[in-house]
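> The structure under discussion is supplied below as structure tokens; questions concerning it will follow.
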Amino acid sequence: MSATAAKQFWFVVGSQHLYGEEALGEVKANAQKITDALNASGVLPYPLVLQDLAVSADKITSIMKEVNYRDEVAGVITWMHTFSPAKMWIRGTKLLQKPLLHLATQFNESIPWATIDMDFMNLNQAAHGDREYGFINARLRKQNKIVVGYWERPEVQQQVADWMDVAVAYNESFNIKVARFGDNMRNVGVTEGDKVEAQIQFGWTVDYFGIGDLVQYVNAVTEQEIDDLIAQYAELYEFDYGTNSKEAWEASVRVQASYEIAIKRFLDEGGYSAFTTNFEDLHGMKQLPGLAVQRLMAQGYGFAGEGDWKTAALDRLLKVMAHNENTGFMEDYTYEMAAGQEAILQSHMLEVDPTLASNKPKIIVSPLGIGDREDPARLVFDGKAGEGVVVSMADFGTHYKLLINEVSAFEPTVPAPNLPVARVLWNVKPNFQDGVRAWIENGGGHHTVVSLNLTTDQIVTYAKLVNLEYVVIK
């Protein structure tokens, strides 16, 4: 699923009428060259659309109002080609309800010492304009991003691209709807939370459904639909029958296929982009959804187990930010404490996201010791290696808090032939003792979202946009 393909960003270039039409014509021409070059770079994930020059308060206000109105516009990037008096920007900036990036750059990379004159100085005074514009954003307490550097450099373009991904996720945050199939796991503390505050602060809608509502959808799935989906499984995964008979294995997998079809249909009809399940609430279900959930996560739906709607919404949010690559729901399971090899084994009872797989997943059927249901099918694989972030959100009564820990994931080197679930391994930063201690001291949950595509800076940028307290462990 995708809600981001049609997004764009508006490029608003600051100047003023004082410079005259000839100079403003050159400003517009330079702005168009930068726009075209950035769009052609292959770095930006979304197109940049140049707007009329920002030369008056009325023009700036009109542009910002239009940004708010247009759903396809995810944010604004500003550049001060010349000096642009900040009072012109006050009303428009106050009205702007979408993310803002100030690109502190200039058209020319180097000062032309042999030919520089006052005409050049007046036309190319981003250093002057940046400070005036930056002042008013600071005065307005605008949570805008600032990227500094020459616009042709790949590292500058990448910073803009990373921010674009955050801005699109911010917009998507206000469209996230979570379907809860059943309630939270009984007696668990960290998965609870204030749904009203989450909707006010983050835009998340969280709805409860009895498991019977889903069972009706499961019962409506046809055998032909299941056959078609099983054919897809055969192309994507290895079939590992283990100690099961082929018939028993296929019967279990068919149940999960029916769940995948039913849950997807339920979510799509209701406009839901994330969901939760609970092994304590399975009346009318033959199995706990496992393979079905993994398949849906791979398609971009957010998920968390045991009714943890906060993590499910966070999963969807970060999947949008990461283009659904190498990002998924996770749970801390077991420590490796051998000296010099300290790490944490990440997994879940079934539902480990296959976007994190380093090898071709295999479908197995194995008993599940909780839930009191039939043996469920699930995908088993080893996790990828890479640098990333693991993120947890918790409700502390008076406020929400986000924990961000930088991690180094690595592929397992020792087989685990008796482990019937996927596994992901990582080292926490700055080191095992300090990283784990800081996580526990700050109340970090056992349910998380990990991404090997996103950076700490991107997560922090989002947190600032929604006024969310955050702690970085690195």
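Going by my numbering, 273 is the number at position 12 of the sequence shown; the sequence numbering is gapless. From the three backbone atoms N, C-alpha and C, an ideal C-beta is built for every residue, glycine too. Note that the structure is a prediction, hence the values are computed from the model and not measured.
Taking C-alpha atoms, which residue in T354, L640, L362 and I524 lies nearest to F442?
I524
> Quick check: the Cα distance between L557 and H660, rounded to an integer number of angstroms?
The C-alpha of L557 lies about 31 angstroms from the C-alpha of H660.
> When the Cβ atoms of the stretch 297 to 306 are set against those of the stretch 357 to 369, are three or more pairs found closer than 8 angstroms?
Cβ pair count under 8 angstroms is below three, so no.
> Would you mind stating whether T709 and S627 have Cβ atoms separated by less than 8 angstroms?
no
> Put L629 into one of helix, strand or coil per three-state DSSP.
coil
> Buried or exposed: V675, going by 16 or more other Cβ atoms within 10 Å of its Cβ?
By the 16-neighbour rule on beta-carbons within 10 angstroms, V675 is exposed.
> Kindly provide the ranges of any alpha helix (DSSP H) runs that are 4 or more residues long and lie completely inside the stretch 489 to 570, ordered along the chain.
507 to 531 and 552 to 559
> For S619, which residues from the same chain have a beta carbon less than 8 angstroms from its beta carbon, with the 5 sequence-adjacent residues on both sides left out?
Hits under 8 angstroms: F642, D643, G644, K645, A646 and E672.
> What does DSSP give as the partner residues of A670 in its beta bridges?
G647 and W687
> At the level of alpha carbons, what is the spacing between I351 and S345?
12 angstroms
> How long is the line joining the alpha carbons of V429 and Y330, rounded to whole angstroms?
15 angstroms
> Shortest alpha-carbon distance to F368 belongs to which of L309, K289 and M425?
K289
> Can you give me the C-alpha to C-alpha distance between A315 and E287, rounded to a whole angstrom?
A315 and E287: Cα-Cα distance of roughly 14 angstroms.
> Could you give the residue range of the beta strand (DSSP E) that holds W340?
Residue range V334 to M341 is occupied by the beta strand (DSSP E) that includes W340.
> Would DSSP call E592 helix, strand or coil?
strand
> One question on the structure: do N666 and T616 come within less than 8 angstroms of each other, judged by their Cβ atoms?
No. Outside cutoff.
> Check D297 in the structure and name its three-state DSSP category.
helix
> Does the stretch 684 to 698 come close enough to the stretch 595 to 614 to have 3 or more Cβ pairs within less than 8 angstroms?
yes
> Can you tell me whether DSSP reads G275 as helix, strand or coil?
Three-state DSSP puts G275 in a strand.
> Tell me which residue opens and which closes the alpha helix (DSSP H) that D391 is part of.
For D391, the enclosing alpha helix (DSSP H) stretches over residues A387 to R400.
> Could you name the residues that DSSP lists as bridge partners for L617?
Answer by DSSP bridge pairing: none, since L617 is not bridged.
> Does the pairing of the stretch 496 to 513 with the stretch 447 to 456 give three or more beta-carbon distances under 8 angstroms?
no
> Starting from the Cα of Y431, find the closest Cα among V733, L664, L729 and K735 and give me that residue.
L729
> Taking just the CA atoms, how far does P622 sit from E433?
30 angstroms
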